[in-house]
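In our numbering, the protein residues as written are 38 to 206.
Note that the Cβ used here is the ideal one computed from N, Cα and C, for glycine as well.
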Amino acid sequence: MAVRTGADYVRALRDGREVWHAGRRIEDVTAHSGFTGTIKTLADLYDKQHTPEYREVMTLEHEGERLSCSYLAPKNAEQLAQKRRNIEFWAQQTFGQMGRYPDFCAQLVVGLFDWAHVIEKYDKRWADNARNYYLHCRRNDLCLTHALTDQYYDRSKRASDGAFTRSAS
């Protein structure tokens, strides 16, 4: 499945992951009103990868398979320009309001892959992990993201002393 569909993306969200919001567990993020808009937007973008109108902007034939331009590790100016068109397309489709769409973190993984030869100087296993993770993400057209938050914890305690245990207050 080198190029994912919207249905693939939604189905992947129903994998039993543990998601909490406002102190309550969300059993199905695809049905929760706080997530449905974003999920629909991303699913629509994944579906656009398969349309004649956008297929060539969002995907390319690479090493015998079609893959998302998000996971292209460009080797020349033409591929870099193609990658840029894809990034611009994702941003335009979300009106610039989705700052951490899947294409963003894909670039981090591509960069890690690109630097595997440097990582290898320190530890071959780490470089192998970087390459394998990149290939896994590319093969599955994963939707990666990250979160930056100010964690609630007791700053007067060390982590090993339970600083991250929330009180019942």
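Distance check between L50 and each of I63, S105 and A59 places I63 closest, using alpha-carbon atoms only. Between R122 and V146 a beta carbon distance of about 19 Å is seen, past the 8 Å cut, so the two are scored as non-contacting. Taken through DSSP and simplified to helix, strand or coil, E98 comes out as strand. With a contact defined as Cβ atoms closer than 8 Å, D140 and Y83 miss out at about 11 Å. Only exposed fits K112, as fewer than 16 other CB atoms lie within 10 angstroms of its CB. For R61, the beta-bridge partners assigned by DSSP are H58. In the structure shown, the three-state DSSP call for R168 is helix. Burial is judged here by how many other beta carbons sit within 10 angstroms of a residue's own beta carbon; T96 has at least 16 and is buried.
In this structure, A110 places its C-beta atom within 8 Å of the C-beta atom of D151.
Contact check for C142 against L79 fails: the beta carbons are separated by 8 Å or more. As for any alpha helix (DSSP H) of minimum length 4 sitting wholly inside the segment 70-147, the runs are 73-85, 92-95 and 114-130, ordered along the chain.
The beta carbon of I156 lies closer than 7 Å to those of W163, A164 and A167 in the same chain, with the five residues before and after it left out.
Of the candidates A59, G60 and R54, R54 places its Cα closest to the Cα of T67. Apart from the 5 residues on each side of it in sequence, H58 sits with its Cβ closer than 8 Å to the Cβ of H69 and G71 in its chain, given in chain order. Of the candidates L104, S197, H173 and Q130, the residue whose Cα lies closest to the Cα of Q119 is L104. With contacts defined by Cβ atoms closer than 8 Å, V47 and D178 do not form a contacting pair.
Taking the Cα positions, I124 is about 23 Å away from T73.
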